[in-house]
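Protein chains in written order, with my numbering: chain A, -2 to 414; chain B, -2 to 414.
Backbone N, C-alpha and C fix where the C-beta goes; we use that ideal spot for every residue, glycine too.
Beneath this line is the structure, given in structure tokens, with notes to follow.
Quick look at the structure:
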């Protein structure tokens, strides 16, 4: 059984908008052991939609449509599927009543063209939409002598997601041979993908029934494992076995084995150790603080700090002596050290962290003349003293800032191990 | 003339990866007046790729492939196109020499399967790839009696983008009737999309030859205009005319008419007025500072500030009296006012901005008990005094933080007008 996802909507054929529903739908289909073989994006044209529907029904067992179920002339998914399958549509009176009620609640008369949202393909089940006016449809049918499942879903993610989970997935599960999927993931920071692969491939390749995916994102490698078996216990046991073997190999390089982000792990470890943190950020300009405070509950461990973008504020908020900045330059081991110690002292946090560097695109100026773009000093001060790490980062301003913050988080984690 | 974009790669049929090249390619095709009618995403299967190629060649005049040009067994785009068009492939000796040279530079012997990257469709032009080993291909051919342009490009964006711009776009432009495209965009912050549409639709609808797109992103509405004419002057005149009419209507609600971001506009206005800025952020935790410092050159106007996440730091870094925090609660008009004034004074900036609020998911605690999630106070202190604005924001933690920072930027802009 293979699936095809068709996203209908001319806006997804512009440079501005992308189909994002398919990622979510793919995850849900994979849960049931159904691979997605094709994705098609098509505009609001009856001819193009009908052609796409024909092609999909000829090559995939399950065809999921998202979008094109609204009340306007441009909403043509129902019509295209009806034409492809040679089916009539039946106007559903319960939906008409419900639509009138929705409009009455907002004290508006229902425009006549909204009634077309009540048109159901002959033989299809209507799938109520709790978050919008267009219901979904689920149809088991034949196309050119082959059994096909056709699903129509509204385009807005806030309508599609709950409808898929509560109405579509259970129906597809019932149509599939029983199978249970177990999943785990391992996250590592700042290790090259090739290193992770070289060290882990000999392990995960021994587990042929576990599907392994390596994902490299900004300063992070994730290993995703999944396994389908007739019972959940069997599937879970296989996934746990490969995770355990890889944990043994990668050990402390792994920062999370249950999906937590690096920020969450750092905050969690601080909580366990009754520690608090403050940050003095120069080139990252608040990015490290922003990433930590994006986590709900971070205020228990992260006190705050200073964005010491100008030289003067390095003195005002972290007590860095002006003559040190002048002599060594703001991007220096000495300034990173003084910033980390200063912010720790001023805030009373157990740990002070500092970042100062040259993010570009311009080179170092003043006392930093001649220092290269990407040179970053990272300071961490705690009761045991202060450590400064010199980094040489590549890439543009955005990448250098992100990796500098990533190094700060990973360094904090490693020091707390 | 219509185009279809085919993205080849099984990773784009997982829940983890998406085709992003097509947005870039679509913009480039639209520049030439070529609309994209279909996008297909297909895995690394010769059967599926060949079927997708057949379908695309039967319905689109121009078919662009991205991906599947590498050296591995999974890289099958060349083979699929050759099979569909019934063409032989010719091994190109210049490419073989170049491949050997690339490997020699890294002091590795070339693995034999890399040679297949030198296979060129009979009749196709080879498009040199300055950033990778797989060259592109450009072929003008016939399929079922119709003229077709087929373009093969490598998948990695860093290879595809320069190759498309320097090699593909000029060839497509030469193949199209001469047409010049002019574009403009207008940006507005914090205005509902429906309001923008109600006020501007009567204007832009009078310009039937100008294509208008409304995009709503986080706290921002963009109006994009484009117009194609036989000369650039004609196209530019039409786009400028609609922009001018809408500028007249929306006036100061428009923050940018040449594509600058809100952050850039605020910094630009500060530069023109010789002003400097410092920020004291509580619930946004550094987001406002991070957004401003993401702009290169921001250090001339943005000095920095403090992330006053804990109550104590509101006193330490911005001198907010502890009794005011205790009496009014950290999320209050009085604390926002004291933060803005305090950070201005401590840093010596011409303007001090402060944000304090309840971002959720938890409700207010301590002296803030009973205050709702989404309540945010925004303070701005300058030589004329201090203004505090109370905001009631909706949504989750991430949305509330983003909108609070957006309001701060927009308020700064409006005060500088």
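When the options are compared against residue i, the one with the closest alpha-carbon
{"i": "residue 204/A", "options": "5/A, 223/A and 414/A", "result": "223/A"}
{"i": "residue 86/B", "options": "7/B, 118/B and 314/B", "result": "118/B"}
{"i": "residue 351/A", "options": "84/A, 390/A, 391/A and 401/A", "result": "401/A"}
{"i": "residue 337/B", "options": "228/B, 374/B and 355/B", "result": "374/B"}
{"i": "residue 399/B", "options": "55/B, 307/B, 236/B and 280/B", "result": "280/B"}
{"i": "residue 61/A", "options": "71/A, 75/A and 155/A", "result": "75/A"}
{"i": "residue 261/A", "options": "210/A, 407/A and 313/A", "result": "407/A"}
{"i": "residue 296/A", "options": "357/B, 108/B, 92/B and 299/B", "result": "357/B"}
{"i": "residue 122/A", "options": "251/A, 290/A, 25/A and 137/A", "result": "137/A"}
{"i": "residue 92/A", "options": "115/A, 70/A and 110/A", "result": "115/A"}
{"i": "residue 330/B", "options": "365/B, 200/B and 12/B", "result": "365/B"}
{"i": "residue 211/B", "options": "202/B, 227/B, 228/B and 190/B", "result": "190/B"}
{"i": "residue 392/B", "options": "371/B, 385/B and 379/B", "result": "371/B"}
{"i": "residue 308/B", "options": "302/B, 318/B and 301/B", "result": "318/B"}
{"i": "residue 26/A", "options": "12/B, 25/B and 26/B", "result": "12/B"}
{"i": "residue 354/A", "options": "344/A, 324/A, 386/A and 382/A", "result": "386/A"}
{"i": "residue 144/A", "options": "202/A, 154/A and 53/A", "result": "53/A"}
{"i": "residue 382/A", "options": "390/A, 278/A and 335/A", "result": "335/A"}
{"i": "residue 299/A", "options": "320/A, 323/A, 254/A and 263/A", "result": "263/A"}
{"i": "residue 84/B", "options": "312/B, 49/B, 368/B and 147/B", "result": "147/B"}
{"i": "residue 219/A", "options": "120/A, 253/A and 225/A", "result": "253/A"}
{"i": "residue 438/B", "options": "266/A, 272/A, 306/A and 270/A", "result": "The question about residue 438/B has no answer, for chain B in this structure spans -2 to 414."}
{"i": "residue 267/B", "options": "209/B, 321/B and 289/B", "result": "289/B"}
{"i": "residue 139/A", "options": "154/A, 120/A and 155/A", "result": "120/A"}
{"i": "residue 291/B", "options": "390/A, 384/A and 396/A", "result": "396/A"}
C-alpha distance - residue i paired with residue j, whole-angstrom precision
{"i": "residue 112/B", "j": "residue 129/B", "result": "14 Å"}
{"i": "residue 316/A", "j": "residue 341/A", "result": "11 Å"}
{"i": "residue 132/B", "j": "residue 394/A", "result": "30 Å"}
{"i": "residue 214/B", "j": "residue 68/A", "result": "24 Å"}
{"i": "residue 104/A", "j": "residue 46/A", "result": "35 Å"}
{"i": "residue 349/B", "j": "residue 241/B", "result": "34 Å"}
{"i": "residue 481/A", "j": "residue 66/A", "result": "With chain A running from -2 to 414 in the structure shown, residue 481/A is simply not present."}
{"i": "residue 362/A", "j": "residue 343/A", "result": "28 Å"}
{"i": "residue 135/B", "j": "residue 106/B", "result": "29 Å"}
{"i": "residue 414/B", "j": "residue 251/B", "result": "12 Å"}
{"i": "residue 384/A", "j": "residue 327/B", "result": "34 Å"}
Whole-angstrom C-beta distance between residue j and residue i, which should lie under 8 Å
{"i": "residue 238/B", "j": "residue 178/B", "result": "About 16 Å; that fails the 8 Å criterion."}
{"i": "residue 161/B", "j": "residue 38/A", "result": "Actually they do not touch by this definition, with Cβ atoms about 19 Å apart."}
{"i": "residue 41/B", "j": "residue 73/B", "result": "6 Å"}
{"i": "residue 200/A", "j": "residue 246/A", "result": "6 Å"}
{"i": "residue 55/B", "j": "residue 141/B", "result": "6 Å"}
{"i": "residue 314/A", "j": "residue 314/B", "result": "6 Å"}
Proximity of residue i and residue j at Cβ, strictly below 7 Å
{"i": "residue 293/B", "j": "residue 346/B", "result": "no"}
{"i": "residue 192/A", "j": "residue 243/A", "result": "no"}
{"i": "residue 304/A", "j": "residue 339/A", "result": "no"}
{"i": "residue 325/B", "j": "residue 332/B", "result": "yes"}
{"i": "residue 310/B", "j": "residue 367/A", "result": "no"}
{"i": "residue 207/A", "j": "residue 235/A", "result": "yes"}
{"i": "residue 50/A", "j": "residue 78/A", "result": "yes"}
{"i": "residue 287/A", "j": "residue 287/B", "result": "yes"}
Beta-carbon neighbours of residue i, restricted to chain D and to distances below 7 Å
{"i": "residue 222/B", "result": "As a matter of chain content, chain D is missing from the structure shown, whose protein chains are A and B."}
Nonlocal neighbours in the same chain, by C-beta distance under 8 Å from residue i, ignoring five residues either side
{"i": "residue 31/B", "result": "-2, -1, 0, 59, 169 and 173"}
{"i": "residue 403/A", "result": "186, 187, 215, 216, 217 and 259"}
{"i": "residue 256/A", "result": "182 and 184"}
{"i": "residue 29/B", "result": "166, 169, 170, 173, 176 and 178"}
{"i": "residue 63/A", "result": "2, 3, 4, 5, 16, 18, 19, 22, 150, 151, 152 and 157"}
{"i": "residue 380/A", "result": "347"}
{"i": "residue 108/A", "result": "68"}
{"i": "residue 70/A", "result": "110"}
Spatial neighbours of residue i in its chain, beta-carbon cut-off 7 Å, leaving aside the 5 residues before and after
{"i": "residue 57/B", "result": "-1, 0, 1, 34 and 35"}
{"i": "residue 195/A", "result": "none"}
{"i": "residue 412/A", "result": "377"}
{"i": "residue 125/B", "result": "132"}
{"i": "residue 80/B", "result": "47"}
{"i": "residue 405/B", "result": "285, 350, 352 and 375"}
6 Å Cβ shell around residue i - same chain, five flanking residues per side excluded
{"i": "residue 284/A", "result": "398 and 402"}
{"i": "residue 221/A", "result": "182 and 210"}
{"i": "residue 10/B", "result": "40"}
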